[in-house]
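Residue numbers (numbering that gives the first Met the number 0): 0 to 288.
Backbone N, C-alpha and C fix where the C-beta goes; we use that ideal spot for every residue, glycine too.
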Amino acid sequence: MRVATWNVNSVKQRMPRLLDWLDERQPDVVCLQETKLADDAFTKLLGAELTDRGYETGLYGELQWNGVALLSKVGLEDVVTGVAGAPGFPKPEARAVAATCGGIRIHSLYVPNGRVPNSDHYHYKLAWLAALAEVVAEGPDDQIVCGDMNIAPTDADVFDPAAYVGQTHVTRPEREALAELMAAKDLHDVVRDRWPDKRIFSYWDYRAGMFHQDLGMRIDLMLATPGVAERVKAAWIDRKARKGTGPSDHAPVIVDLDTAPDGDIGPVVPPPSAPRTARKRTTKLPQSR
0 MRVATWNVNS
10 VKQRMPRLLD
20 WLDERQPDVV
30 CLQETKLADD
40 AFTKLLGAEL
50 TDRGYETGLY
60 GELQWNGVAL
70 LSKVGLEDVV
80 TGVAGAPGFP
90 KPEARAVAAT
100 CGGIRIHSLY
110 VPNGRVPNSD
120 HYHYKLAWLA
130 ALAEVVAEGP
140 DDQIVCGDMN
150 IAPTDADVFD
160 PAAYVGQTHV
170 TRPEREALAE
180 LMAAKDLHDV
190 VRDRWPDKRI
200 FSYWDYRAGM
210 FHQDLGMRID
220 LMLATPGVAE
230 RVKAAWIDRK
240 ARKGTGPSDH
250 APVIVDLDTA
260 PDGDIGPVVP
270 PPSAPRTARK
280 RTTKLPQSR
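Below is the structure:
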């Protein structure tokens, strides 16, 4: 079973690329984030195309912002939208959908950004993650918790830690919240487990040539309970989907269970042509310039 997660940053803008990618990679389960469409609009736009490809859909969208989806060829049972007990800002946002697909409870998540450390948005993010940890802890033994987590787990998951000082995504409370989520069900970061010493990013800012210089972050994660993690045969970032005209600023994360149709490839496919490493002179983030 091939499971993928992808922040598409507007499914309407990404529709042709998404359909071509589905045909090329043939995932059995797809978790999408930032769909930015209400459920009826999503169904009107993509329903027939996805049905023709054998997908059932679980949707939780809203007009213009946020939005998550689950697409499955291997069953879609007990669909639940939202996170029980999670706060809103100020009202609940479309940030989580879960269902049982092929015997695995799969969560498609778009974790709040947090914006600025110690802001109201930041505390909302931490409270939302705490509620998610409770839901995962009470869930079945076989789970995949994936999506745009808006947290880089360690300094190795950003191109230059010095560039992120004072920014969200890397602060100690955020990383502690992610660690607590993982501890709630002994979740394994299957991409990092498979490639412990490799440079791996899933997000690159649109600005300042960040993608072409490979100045990115790994914030799109695939977390799995032990029984599922043991089945992983390949885990990789599909960097090809970030290339070309009109891409999302995120690349899909793909995990193959039991069999690996493309072999044990990775960690980033294709690899950057000229990856840059952190230099003594810190590269500033585009928003800081």
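First through last residue of the alpha helix (DSSP H) which encompasses residue i
i	result
E76	Element bounds for E76: not the alpha helix (DSSP H) but the beta strand (DSSP E), 76-80.
Y121	119-136
G66	Counting along the chain, G66 falls outside any alpha helix (DSSP H), and DSSP gives it neither H nor E.
Candidates the options: closest to residue i by CA position
i	options	result
M14	R238, R191, G46	G46
H106	A129, D248, V78	V78
K232	D140, T258, T224	T258
G215	V267, V157, D188	V157
R114	D159, Y163, A130	Y163
V267	D213, V134, P89, S247	D213
A183	H168, P172, T153, T224	T224
L128	G138, S118, L108	L108
P116	L31, R174, R191, D192	R174
V2	G262, S272, D255	D255
V7	Q32, P269, W20	Q32
T80	P160, L131, L222	L131
W5	G265, S247, D263	S247
As assigned by DSSP and simplified to three states, the class of residue i
i	result
H106	strand
A240	helix
Q166	coil
K147	Strictly speaking, residue 147 in this sequence is Asp, with Lys absent from that position. Strand.
Q142	strand
P10	Strictly speaking, residue 10 in this sequence is Val, with Pro absent from that position. V10 falls in the helix class under three-state DSSP.
W291	With the chain represented from 0 up to 288, any question about residue 291 goes unanswered, as that position is not in the structure.
D196	coil
A234	strand
A83	coil
L45	helix
M181	helix
Residues bridged to residue i [DSSP beta-bridge criterion]
i	result
G113	Paired residues: none, contrary to the question.
R1	D255
T99	E76, R104
Span of the beta strand (DSSP E), counted from its first residue to its last, around residue i
i	result
Q32	28-32
T56	55-59
*Inter-stretch contact (C-beta, 8 angstroms, three-pair minimum) for the stretch 192-211 and the stretch 249-265*: yes
Worksheet item: Is the stretch 229-244 touching the stretch 169-184, taking contact as three or more C-beta pairs under 8 angstroms?
Response: no
**Message:** Count Cβ pairs between the stretch 146-157 and the stretch 11-25 that sit closer than 8 angstroms; are there 3 or more?
**Reply:** no
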